[in-house]
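Positions 26 to 528 (this note's numbering) are the ones given, in order, by the sequence shown.
No residue lacks a Cβ here, since even glycine has one placed at the ideal position from N, Cα and C.
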Amino acid sequence: MKLLFYLVLLGFTFYNVFLSSALVRSGEVNFFNDVARDFLLFQELDVKKIVLIGARSSTNGLFHGSLWSYINYPFYLLGNGDPVVVAWFWIGLEIIFLFTSFYMVKKLFGTLAAFAYVLLISIKMAPHMDGIFHAEATFFFIPMFFFTICMYIKSKKNLYLVFHLLALAVLIQLEVGIGIQFFILSSLIIFSFIFKNKLWKHLFSFSLMPFLLSNFIIFDLRHDLRMAKALIDTGKASKFFAPLGSWLGNRINNAISLQLFEGQSPISNLFIIAVFILVMALTTLYIRKENKYRHIYFLFIFYYFGYFIMSFFNKGILLFHYIYLLMPLTTLWLVSFLKGKYKILFLLLIGFLYTSNLQFSKSDINVHRENSMNNYNSWKALSLIANDVSEREKGKEFGYFVFAPDALAYQPRYAMIYNFKKNHSMAFEYTKKSTTYIIAAPPPANNPYMTYVWWSKVPVRISSEPVKVKKFANGFTIIIYNLSAQEQKISHDKSIELGIHFR
26 MKLLFYLVLL GFTFYNVFLS SALVRSGEVN FFNDVARDFL LFQELDVKKI VLIGARSSTN
86 GLFHGSLWSY INYPFYLLGN GDPVVVAWFW IGLEIIFLFT SFYMVKKLFG TLAAFAYVLL
146 ISIKMAPHMD GIFHAEATFF FIPMFFFTIC MYIKSKKNLY LVFHLLALAV LIQLEVGIGI
206 QFFILSSLII FSFIFKNKLW KHLFSFSLMP FLLSNFIIFD LRHDLRMAKA LIDTGKASKF
266 FAPLGSWLGN RINNAISLQL FEGQSPISNL FIIAVFILVM ALTTLYIRKE NKYRHIYFLF
326 IFYYFGYFIM SFFNKGILLF HYIYLLMPLT TLWLVSFLKG KYKILFLLLI GFLYTSNLQF
386 SKSDINVHRE NSMNNYNSWK ALSLIANDVS EREKGKEFGY FVFAPDALAY QPRYAMIYNF
446 KKNHSMAFEY TKKSTTYIIA APPPANNPYM TYVWWSKVPV RISSEPVKVK KFANGFTIII
506 YNLSAQEQKI SHDKSIELGI HFR
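Printed below as a string of structure tokens:
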């Protein structure tokens, strides 16, 4: 009977993975700005081969590491730059994540908890697997991070400490701010544990960190410690970027939710508060009792609330990717109670959460699938625009400029670069030819006047009228000009050539 139950849970988990790949199977990628930016970074890596930093962070002068670029690069090469091929790699990462997580959860809390964990976490991942950028990739390494510190405290083996430091280095490489927060929290735990147990030799394990973070160190030494200064300035900042009430409420709501499911109604909000109180009460009870899980429940409390306390350095609202990485931790926290006498209660709770998340995930995926060609971030819709231009020109030379209200134009720029290359089009970006295109993203909903019209006349310096304008379902527009030889000689403002460069 138990075996049959496990097989049912495993079957649902396989279905969740299948659901995760729904959009990728149709050739779609959620090509939002951070994902598109990462593909431009892969393209940069393809040219330079050795790079020290990755994407810029929201803090001026601070950059994330280049690890995510190197992780994806082999599959970028395999697909000749095709985002769909890389997206299939993300599905592969999900499968590896579930297998390794199953092993770690089973080691901590047994087989039932492991099956429940992969069931619940896989359905939470389903709506997000069609577009992953460096900050969301931290999700994959949280189980390793937590498992290794638990095993280190339990066994006092230095090998677990080494793997924990490796996990911390990965988190810093992927999302520097978040990684540093976890490093500070872990250092408090580890140093106190080492001093309490007189494990002095274990201190030498920290000598690995400069090696694991050597790319940051080299970059900072070359650039007058700009990242170190940016971190110090961030810590000193006292100005809030959101009203204090919203800033505090955002953290309280996220902490109470335990990131269990999305799309809450007022009734489910009350339900989440009740679950939060139940989890906190049982955790307090287990910490007070002398048992082999006591240290694990202490670590749940320490890292979860410690993370929110550390987030006080961030004077803005916590964005999705700052919370998403907590899901593996809170899900493990929840399934851990399957080990005790409250097994039936938590099985019912996990069943309810799974059903709720399944409904949300299927609905979210169906909405994206049905509205694919109307979506600003749809890879298929962006490719359709590029293919339309390629088909229109059929091997003839043409120049093009890509416009977006944010000036960066990551999504359409990469889509044009990739598809024009794939179609063997004779396309020249930032160049005026006899036939010249402006490929324009739609204006933001709150500012309909932020269009390509002024941009085409002033920075691009095209004064003639277009010979054709075509609008696409996702709001993008192609504007076609026939320029005389004299008009082609009028140079554009070079400041609009906003590439991605490593310093």
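Asked                                                                                                                                                                                               : Found
How many Å lie between residue 428 and residue 348 at the Cα?                                                                                                                                       : 32 Å
Report the rounded CA-to-CA distance for residue 38 versus residue 438, giving the unit in angstroms.                                                                                               : 37 Å
Check the DSSP bridge columns for residue 73 and list the partner residues they point to.                                                                                                           : In the DSSP output, where bridge partners are listed per residue, residue 73 has none listed.
Do residue 320 and residue 179 count as a contact pair if the criterion is CB distance below 9 Å?                                                                                                   : yes
Would residue 448 pass as a contact of residue 406 if the rule is Cβ separation under 9 Å?                                                                                                          : no
What separation, rounded to the nearest whole angstrom, lies between the Cα atoms of residue 106 and residue 148?                                                                                   : 29 Å
Starting from the C-beta of residue 308, find all residues in its chain whose C-beta is less than 7 Å away, skip the five residues before and the five after it, and write them out in chain order. : 322, 325 and 326
In whole angstroms, what is the alpha-carbon distance linking residue 397 and residue 443?                                                                                                          : 19 Å
Buried or exposed: where does residue 384 fall if 16 or more other Cβ atoms within 10 Å of its Cβ makes it buried?                                                                                  : exposed
Of the choices 298, 176, 145 and 466, whose alpha-carbon is the least far from that of residue 353?                                                                                                 : 145
Could you pull the DSSP bridge partners for residue 403 from this structure?                                                                                                                        : 55
What residues match up with residue 494 in a beta bridge as DSSP calls it?                                                                                                                          : 504
Might you give, ordered along the chain, the residues of its own chain that have their beta carbon closer than 6 Å to the beta carbon of residue 170, omitting 5 neighbours on each side?           : 192
Let me know the secondary structure DSSP gives residue 159 once reduced to three states.                                                                                                            : coil
Considering just the uninterrupted stretch of the alpha helix (DSSP H) at residue 101, what are its terminal residues?                                                                              : 92-103
Candidates 355, 206, 275 and 458: which alpha carbon is nearest residue 345's?                                                                                                                      : 275
Between residue 349 and chain D, is the shortest Cβ-Cβ distance under 9 Å, so that the two count as touching?                                                                                       : Structure shown: chain D not included; a single protein chain is present.
Within its chain, find whatever has a CB closer than 6 Å to the CB of residue 174; leave out the 5 residues flanking it on each side and keep chain order.                                          : 189
Helix, strand or coil for residue 435, going by three-state DSSP, please let me know.                                                                                                               : helix
Do residue 187 and residue 116 come within 9 Å of each other at the CB atom, strictly closer than that value?                                                                                       : no
For residue 433, which residues from the same chain have a beta carbon less than 8 Å from its beta carbon, with the 5 sequence-adjacent residues on both sides left out?                            : 58, 62 and 523
In whole angstroms, give me the CA-to-CA distance for residue 81 and residue 332.                                                                                                                   : 22 Å
Is residue 460 closer than 9 Å to residue 503 when the C-beta atoms are compared?                                                                                                                   : no
Quickly, what does DSSP pair residue 463 with across the bridge? List them, please.                                                                                                                 : 426 and 504
Quick one: what does DSSP say residue 36 is sitting in, helix, strand or coil?                                                                                                                      : helix
Compute the beta-carbon to beta-carbon distance between residue 454 and residue 425, rounded to the nearest angstrom, for a pair I have assumed lies under 8 Å.                                     : 6 Å
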